[in-house]
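In what follows, a single structure is set out as structure tokens and then discussed.
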Amino acid sequence: YFSTQEETERLAYGGRYDGREDFAVVTHPYFRNSIVPLASDQKPDLSFFSLDCFHFSERGHSEMAIALWNNMLEPVGRKQVYNNFTLDRNKIRCPTQDQPFIFTRVISVPTTLDSVPVWAAAVLAVAGLLIGWGVTWLLLSCRERRKQKKMENVTEMK
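No gaps in the numbering here: position 122 of the sequence shown is 133 in the working numbering, and each next residue is one more.
Rendered as structure tokens:
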């Protein structure tokens with residue numbers, strides 16, 4: 012099973028483009044769960060498609076452009092995953108005073124002042140490793156002592 016959308020997300024969010032301030036890759040899932048728009052007679056509305064019924068018409072491209080623009084103004088992880096095919100221009104969103112930018116992964120991550128420092132993960136990992144080694148050494152040494160006592164008891168009985 013191969014999903015182009017999943018592979019594109021894996022490429023975009025795989026870490027290859029992380030850490031850059033001058034470049035960002037963001038997938039926009041506005042077409043993931045879309046359905047063909049229906050006309051009033053409940054048949055597919057062909058006005059969204061060109062003559063070949065595969066490519067979008069001017070109206071279809073207009074709807075896709077609105078969906079893309081709106082997706083760019085939504086945080087990563089909370090983007091709309093469908094396209095609402097309507098002829099309503101009121102659905103076009105605008106940047107707000109609080110969020111006057113296009114969202115990327117970096118901008119979408121909430122920042123908190125009381126977050127755990129980055130070095131804390133490394134310290135906890137090393138501490139966990141040392142504790143694991145200590146417990147393993149303790150268990151193996153106890154096991155070895157029991158074996159030695161058992162051997163001493165067997166040799167004394169002879």
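Virtual Cβ for every residue (Gly too), placed ideally from N, Cα, C.
N-terminal and C-terminal residue of the alpha helix (DSSP H) that residue i is part of
i, result
"residue 153", "130-168"
"residue 74", "69-83"
"residue 113", "Looking at the DSSP string, residue 113 is not in any alpha helix (DSSP H), and its letter there is neither H nor E."
"residue 23", "15-23"
Spatial distance of residue i from residue j (CA atoms)
i, j, result
"residue 62", "residue 52", "20 Å"
"residue 83", "residue 113", "5 Å"
"residue 15", "residue 71", "22 Å"
"residue 140", "residue 167", "41 Å"
"residue 148", "residue 158", "15 Å"
"residue 29", "residue 106", "24 Å"
"residue 154", "residue 21", "47 Å"
"residue 146", "residue 152", "10 Å"
"residue 156", "residue 133", "35 Å"
"residue 12", "residue 18", "Here the model assigns residue 12 a pLDDT of 49, short of 50, so the residue's position is not dependable, and the following value carries that caveat. Whole-angstrom Cα-Cα distance: 11 Å."
Strand pairing of residue i, partner residues [DSSP]
i, result
"residue 60", "67"
"residue 49", "55"
Selection from the options that minimises the alpha carbon distance to residue i
i, options, result
"residue 46", "37, 57, 36", "57"
"residue 67", "42, 91, 82, 89", "42"
"residue 88", "105, 39, 109", "39"
"residue 100", "107, 91, 151, 73", "73"
"residue 69", "145, 98, 28", "98"
"residue 118", "162, 131, 85, 127", "85"
Contact check, residue i vs residue j, beta carbons under 8 Å
i, j, result
"residue 78", "residue 94", "yes"
"residue 48", "residue 65", "no"
"residue 50", "residue 116", "no"
"residue 44", "residue 120", "no"
The ligand HEM heavy atom lying under 7 Å from the CB of residue i
i, result
"residue 39", "Ligands are entirely absent from the displayed structure, and the ligand HEM is therefore not among its contents."
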